[in-house]
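K.L.:
Following this message is one structure expressed as C-alpha cells.
Protein chains: 2
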Amino acid sequence: MVSMKDIAQECGVSVATVSKALNGQQDISEQTRQRIFEAVKEMGYTANSAARALKTNRTYNLGILFIDLQNHGFMHEYFAATLNSFRIESERCGYDITFINSNVGHQNTSYLQHAMYRRLDGVAVICADYQDPLVQELIYSDIPVVTLDHAFYNRAAVLSDNMNGLEALVHYVYGRGHRRIAYIYGNPTAVTENRLRGFYRACEALELKIPDEYLTECEYHEPASCYRATKQLLALPEPPTCILFSDDYTWLGGMNAIREAGLRIPEDISVVGYDGVHLAQALNPPLTTWQQNTEELGRLAASMLIERIEHPRTAAPEHVVVTGRLLEGGTVSRLDAEP
Amino acid sequence: MVSMKDIAQECGVSVATVSKALNGQQDISEQTRQRIFEAVKEMGYTANSAARALKTNRTYNLGILFIDLQNHGFMHEYFAATLNSFRIESERCGYDITFINSNVGHQNTSYLQHAMYRRLDGVAVICADYQDPLVQELIYSDIPVVTLDHAFYNRAAVLSDNMNGLEALVHYVYGRGHRRIAYIYGNPTAVTENRLRGFYRACEALELKIPDEYLTECEYHEPASCYRATKQLLALPEPPTCILFSDDYTWLGGMNAIREAGLRIPEDISVVGYDGVHLAQALNPPLTTWQQNTEELGRLAASMLIERIEHPRTAAPEHVVVTGRLLEGGTVSRLDAEP
DNA sequence: TTGATCCACGTAAACGTTTAAGTACCACAA
DNA sequence: TTGTGGTACTTAAACGTTTACGTGGATCAA
Chain A
43 MVSMKDIAQE CGVSVATVSK ALNGQQDISE QTRQRIFEAV KEMGYTANSA
93 ARALKTNRTY NLGILFIDLQ NHGFMHEYFA ATLNSFRIES ERCGYDITFI
143 NSNVGHQNTS YLQHAMYRRL DGVAVICADY QDPLVQELIY SDIPVVTLDH
193 AFYNRAAVLS DNMNGLEALV HYVYGRGHRR IAYIYGNPTA VTENRLRGFY
243 RACEALELKI PDEYLTECEY HEPASCYRAT KQLLALPEPP TCILFSDDYT
293 WLGGMNAIRE AGLRIPEDIS VVGYDGVHLA QALNPPLTTW QQNTEELGRL
343 AASMLIERIE HPRTAAPEHV VVTGRLLEGG TVSRLDAEP
Chain P
43 MVSMKDIAQE CGVSVATVSK ALNGQQDISE QTRQRIFEAV KEMGYTANSA
93 ARALKTNRTY NLGILFIDLQ NHGFMHEYFA ATLNSFRIES ERCGYDITFI
143 NSNVGHQNTS YLQHAMYRRL DGVAVICADY QDPLVQELIY SDIPVVTLDH
193 AFYNRAAVLS DNMNGLEALV HYVYGRGHRR IAYIYGNPTA VTENRLRGFY
243 RACEALELKI PDEYLTECEY HEPASCYRAT KQLLALPEPP TCILFSDDYT
293 WLGGMNAIRE AGLRIPEDIS VVGYDGVHLA QALNPPLTTW QQNTEELGRL
343 AASMLIERIE HPRTAAPEHV VVTGRLLEGG TVSRLDAEP
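So this is what it looks like as C-alpha cells:
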C-alpha cells in the first residue's frame with residue numbers, strides 16, 4: 043500500500059511536506075502542492091486512518107449502543123428510522139459509526155471497554171436496558187455521550203415528547219366527541235410511563251372520569267397480547283367508543299379483535315395508534331396516530347454529540363425535547379351526541 | 043490514557059514483555075504474566091486498536107455498503123433483518139462493522155477510498171445500485187468482498203432463491219385449484235427478474251396459459267401503485283382467482299383495492315405475498331407468502347466474508363443459494379371446481 | 001554591508017503497538 | 001571443564017502519520 047513516504051520520494055520532498063500539503067497547511071508553495079497532488083492521484087495514495095488516529099487521538103468514529111433484548115434488531119421502525127437519520131447526519135459531518143457490543147476480539151468485554159478499545163470519539167445510546175450497570179458505566183464514563191429517550195444527570199439527551207403526544211391525542215378524540223376513551227398501554231418503561239402520565243394529565247384537564255377497566259396493559263410489540271386486551275374491552279358492559287393503542291404495530295392485534303367482533307372502523311369504534319409506522323398508513327382507512335419525529339431525533343442526537351466532541355467547553359449537556367405531530371388518518375369518528 | 047509503557051514501568055519489565063503476555067505468547071513466565079494482568083486491571087489499561095491496526099495491517103472491521111436510493115434506510119424489513127444477522131455473526135467472530143459512504147472527512151470520496159482509508163478487512167455489499175461504477179469499482183477491488191442477491195464473477199455471493207420461491211408459490215396455488223393466476227411484479231432488477239423467471243417456469247411446467255393482462259408491473263415498495271394495478275385486474279372481464287404480489291409491503295395497496303371492491307379474502311379472491319414481513323403475519327388472516335431466510339443470508343454473508351479474509355487461499359469465491367420457505371397463512375382458498 | 005523578516009521546506013520525535021532477533025542466565029550432559 | 005539447549009526476558013525497528021521546531025535562502029530596509 044502506497045504511503046506518504048512513497049509520495050515524498052516521488053516528489054523529492056520530505057514526508058512532512060506531503061502531510062502538510064495534503065492537510066492544507068499554508069507554508070507549502072502552490073507548485074509543490076500541485077506536484078504532490080498529482081503523485082497522490084497517479085500512485086493511488088489513500089491516507090491511513092489508523093495512523094492518523096494514533097497520532098491525533100481522534101478517530102472520527104462514533105459508537106452506537108443499540109441493544110434490544112427482544113432482538114427485533116433494526117426491525118423496529120422507530121429505532122430504525124432514528125438510527126438512519128443519526129447515521130446520515132454523522133456521515134455528513136465526516137464521522138463513521140460503529141456498533142458497540144461485548145465481543146471484542148473473541149473475548150467478552152464491557153461496552154465501555156469496547157468503546158475505549160476503538161477509541162470512539164463519542165457514543166450515542168439509542169436503545170438499551172438503562173438499568174444495566176454496564177450501560178450506566180458507559181453513560182457515566184469520560185466519553186462524550188448522548189442518550190435517546192432517557193435523561194441522565196449532566197449528560198446530553200434527546201427526548202421524544204411522549205407525554206405531550208398522548209395528551210394531544212386524548213384532546214383530539216375528546217374534541218371529536220369521545221368520552222368513553224380506553225388506553226391499552228405498553229408494559230412499563232420510562233417511555234410508556236410518560237405516555238401514561240400524558241393520558242392522566244389530559245383526563246384531569248378535561249375532567250374526564252375513566253373507569254379502571256379502560257386502562258389495561260399489553261405486552262410491547264406483541265399483537266397477540268393486544269388482541270386479548272382489546273377483546274376484553276369490547277366485552278365490557280359499556281365498551282369504549284375509542285381505544286388508544288400503545289403503538290402502531292401492536293395495534294394490529296387490536297384490529298383483528300375488532301374485525302372479528304364484526305365492528306367497523308371508525309363507524310362502530312374509533313382507534314388511535316402511536317408512532318406513525320409506514321405500514322399503518324397504507325391501510326384503509328389510514329390509522330390516526332402520533333408521529334414521532336424520528337428524522338429530527340436522530341439528526342439532533344448526532345449533531346449534539348458531535349458538538350460536544352468538537353467543542354467540549356462551550357457545549358453544555360442539554361436535554362432537548364423533540365415534538366411529534368398528529369397524523370390525522372381516518373380511524374376516529376366524529377360523535378355528535380354525548381353520552 | 044494508560045498504555046503498555048505504563049504497565050511495563052509498573053511491573054519493571056519491557057513493553058515487549060507486556061505485549062507478549064497480553065497476547066498469550068508462550069515465552070513469558072506465569073509469575074510475570076500474573077503481575078502484568080493485575081497491573082492491567084488496577085491501572086485500567088485498554089489496548090489501542092489503531093496502534094494495533096497500524097502494526098498488524100488488520101482492523102477487524104468489516105465494511106457494509108448499504109445504499110438505498112429511495113432512502114428507506116433500515117426500514118425495509120428484508121434488508122434490516124439481513125443486516126442484523128450479518129452484524130450478529132460478525133460480532134461473534136470479533137469483527138466490528140462500518141458503513142461505507144462517500145463523505146470521508148467532509149470531502150466526497152469513492153466507496154473504495156472510504157474502505158481503503160479505514161483499512162477495512164473486507165466488505166459486504168448488502169444493498170446498492172449494482173450498475174453504479176463506484177459500486178463496481180469496490181466490488182472488483184483487491185478487498186475481499188461478498189455481495190447479496192447479485193453474483194459477480196470471481197466474487198463470493200449469497201443469493202436468495204427468488205426463482206424457486208416464486209415457482210413454489212405458483213405450484214402451491216395451482217395445487218389448491220387455482221388456474222387464473224395473476225402476478226403483479228416489482229419493477230425490473232436482478233431480483234424481480236429472477237422471480238418472473240420462476241413464474242414462467244412454473245407456468246410452463248404446469249402448462250398454464252396466462253393471459254398478458256394478468257402480468258403487470260408495479261412500483262417497488264409503493265402500495266399506491268399496487269393499488270392501481272390490483273384495481274385494473276379486478277376490473278377485467280375475467281378476473282383472476284388468485285393474485286401474486288411482488289412483496290408483502292406493496293401488497294397492502296392491493297389489499298385496500300380488494301376491500302374497496304367488497305371482496306373477501308380468501309373467499310372471493312386469493313392472494314400471495316413475498317418476503318415474510320412480520321406485519322403481514324399479524325393481519326387476519328395472515329398472509330400466505332414466501333419467507334426469505336434473512337437470518338441465514340446475513341449469517342452466511344458474514345461467515346463467508348470472514349472465511350475469505352482469514353483463509354484467502356483455501357476459501358474459494360462461491361455463490362451460495364439460501365432457500366426460503368412457504369409461510370402458509372390463510373389467504374389462499376381451495377378451489378374445488380376447475381374453470 | 002548588516003540584520004531582520006519571511007517563505008518554503010526539512011528534522012526528528014512521538015503516538016502505541018508487534019515482532020524478529022539478540023542475550024543473559026541456568027541446567028545439564030559429556 | 002566446555003558446550004548445548006532451553007527459558008525468560010530485552011532491544012530495536014517498524015507501521016504511517018502529525019507537528020513543534022529548526023534552517024537556509026531570498027528579500028528588503030537602514
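So the protein lines, in turn, are chains A and P. To convert a position in the first sequence, counted from 1, into my numbering, add 42. To convert a position in the second sequence, counted from 1, into my numbering, add 42. Just so it is clear, CB atoms sit at the ideal spot from N, CA and C, and this is done for glycine as well.
1. What are the boundary residues of the alpha helix (DSSP H) that includes Thr234 of chain P?
2. Chain P partners of Ala89 of chain A, CB-CB under 8 Å?
3. Go ahead and label Met46 of chain A buried or exposed: buried means 16 or more other beta carbons lie within 10 angstroms of its beta carbon, across all protein chains shown.
4. Measure from the alpha carbon of Ala166 of chain A to the alpha carbon of each residue in A:Leu104, A:His353, A:Cys135, then state which is nearest.
5. Quick one: grab the DSSP three-state call for Gly340 of chain P.
6. Which bits of chain A does Leu275 of chain P rub up against, with CB to CB less than 8 Å?
7. Relative to the C-alpha of His263 of chain A, which candidate in A:Val82, A:Gly66, A:Gly371, A:His118 has its C-alpha closest?
8. Can you list the residues of chain P that Glu119 of chain A reaches, using a CB-CB cut of under 8 Å?
9. For Glu80 of chain A, name the three-state secondary structure that DSSP assigns.
10. Interface residues of chain P around Val165 of chain A at Cβ under 8 Å?
11. Starting from the beta carbon of Asn145 of chain P, find every residue of chain A whose beta carbon is closer than 7 Å, and list them in chain order.
12. Report back the beta-carbon spacing between Ala426 of chain P and Ile142 of chain P to the nearest angstrom; my notes put them in contact at under 8 Å.
13. Does the structure place the stretch 369 to 376 of chain A close enough to the stretch 303 to 313 of chain A that three or more beta carbon pairs sit under 8 Å?
14. Quick one: is Asp48 of chain A near chain P, going by C-beta distance under 7 Å?
15. According to the neighbour-count rule (16 or more other Cβ atoms, all chains shown, within 10 Å of its Cβ), is Gly295 of chain P buried or exposed?
16. Quick one: does His148 of chain P have its CB under 7 Å from some CB of chain A?
17. Would you call the CB atoms of Leu201 of chain P and Val363 of chain P closer than 7 Å?
18. Check for me: the beta strand (DSSP E) holding Arg367 of chain P runs from which residue to which?
19. Is the Cβ-Cβ distance between Ile181 of chain A and Val187 of chain A less than 7 Å?
20. Under the rule that 16 or more other beta-carbon atoms within 10 Å means buried, what is Asp69 of chain P, buried or exposed?
21. Considering just the uninterrupted stretch of the alpha helix (DSSP H) at Asp48 of chain A, what are its terminal residues?
22. DSSP state of Gln333 of chain A, grouped into three classes?
23. How close, in whole Å, do the beta carbons of Glu209 of chain P and Ala244 of chain P come, if the pair is a contact with beta carbons under 8 Å?
24. Step through the CB atoms of chain A and report whether any lies within less than 7 Å of the CB of Ser321 of chain P.
25. Quick one: residues in its chain with C-beta nearer than 8 Å to the C-beta of Ser152 of chain P, no 5 flanking neighbours on either side, listed in chain order?
26. What residues of chain A sit near Asn102 of chain P, judged by a beta carbon separation below 9 Å?
27. Taking the C-alpha atoms as reference points, what is the distance between Ala95 of chain P and Phe121 of chain A?
28. Please classify Glu380 of chain P as buried or exposed, where buried requires at least 16 other C-beta atoms within 10 Å of its C-beta.
29. From the DSSP output, read off the bridge partner residues of Tyr225 of chain A.
30. So, are the CB atoms of Ala324 of chain A and Pro265 of chain P less than 7 Å apart?
31. For Ala95 of chain P, would you say it is in contact with chain A, using Cβ-to-Cβ distances shorter than 7 Å as the test?
32. With 16 as the cutoff for other CB atoms within 10 Å, does Asn229 of chain P come out buried or exposed?
33. Find out if the Cβ-Cβ distance for the pair Ala81 of chain A, Ala92 of chain P is shorter than 7 Å.
34. Determine the direct distance from the alpha carbon of Gln334 of chain P to that of Asn204 of chain P, and round the result to whole angstroms.
35. Run down chain P in chain order and give the residues with a C-beta less than 8 Å from the C-beta of Gln112 of chain A.
36. Do you know offhand how far Tyr269 of chain A's Cα is from Arg197 of chain P's?
P.N.:
In brief:
1. Boundaries of the alpha helix (DSSP H) around Thr234 of chain P: 232 to 248.
2. Within chain P, Tyr159 have C-beta atoms less than 8 Å from the C-beta of Ala89 of chain A, given in sequence order.
3. Looking at its Cβ environment, which holds 16 or more other Cβ atoms inside 10 Å, Met46 of chain A is buried.
4. When only C-alpha atoms are compared, the closest one is A:Leu104.
5. If DSSP states are grouped into helix, strand and coil, Gly340 of chain P belongs with the helices.
6. Result: empty, since nearest Cβ-Cβ is about 17 Å, beyond 8 Å.
7. Comparing Cα-Cα distances from His263 of chain A to each of A:Val82, A:Gly66, A:Gly371, A:His118, the minimum goes to A:His118.
8. Those within 8 Å of Glu119 of chain A in chain P are Met117.
9. It is helical.
10. Against chain P, the beta carbon of Val165 of chain A has no neighbour under 8 Å; the closest one sits roughly 14 Å away.
11. Ordered by position in chain A, the residues that pass the 7 Å Cβ test against Asn145 of chain P are Glu133, Arg134, Gly136.
12. Residue 426 of chain P is absent from the structure shown; chain P starts at 43 and stops at 381.
13. Taking a cut-off of 8 Å for Cβ pairs, the stretch 303 to 313 of chain A and the stretch 369 to 376 of chain A touch, as three or more such pairs fall below it.
14. False, the Cβ-Cβ gap to chain P never drops below 7 Å.
15. With 16 or more Cβ atoms within 10 Å of its Cβ, Gly295 of chain P is classed as buried.
16. Interface residue, yes.
17. Cβ atoms of Leu201 of chain P and Val363 of chain P: closer than 7 Å.
18. 367 to 369 is the span of the beta strand (DSSP E), which, as asked, contains Arg367 of chain P.
19. In contact: Ile181 of chain A and Val187 of chain A (Cβ atoms closer than 7 Å).
20. Exposed: under 16 other Cβ atoms inside 10 Å.
21. 46 to 53 is the span of the alpha helix (DSSP H), which, as asked, contains Asp48 of chain A.
22. Gln333 of chain A: strand per DSSP, three-state reduction.
23. Approximately 4 Å separates the beta-carbon atoms of Glu209 of chain P and Ala244 of chain P; this is inside 8 Å, confirming the contact.
24. Note that residue 321 of chain P corresponds to Leu in the displayed sequence, not to Ser. Judged by the 7 Å Cβ criterion, Leu321 of chain P is in contact with chain A.
25. Around Ser152 of chain P: Ser144, Leu176, Glu179, Leu180.
26. Reading the sequence as shown, one finds Tyr at residue 102 of chain P and not Asn. The contacting residues are Val146, Gly147.
27. C-alpha separation (whole angstroms): 32 Å.
28. Bear in mind that a pLDDT of 47 at Glu380 of chain P, under 50, signals an unreliable position, so the model cannot answer this.
29. Its beta-bridge partners are A:Leu257, A:Leu286.
30. Cβ atoms of Ala324 of chain A and Pro265 of chain P: closer than 7 Å.
31. It does: the Cβ of Ala95 of chain P has a partner Cβ on chain A nearer than 7 Å.
32. Looking at its Cβ environment, which holds fewer than 16 other Cβ atoms inside 10 Å, Asn229 of chain P is exposed.
33. Against a cut-off of 7 Å, the Cβ pair of Ala92 of chain P and Ala81 of chain A comes out as no contact.
34. One C-alpha to the other measures close to 9 Å.
35. Simply none; closest approach about 12 Å.
36. Cα-Cα distance, rounded: 48 Å.
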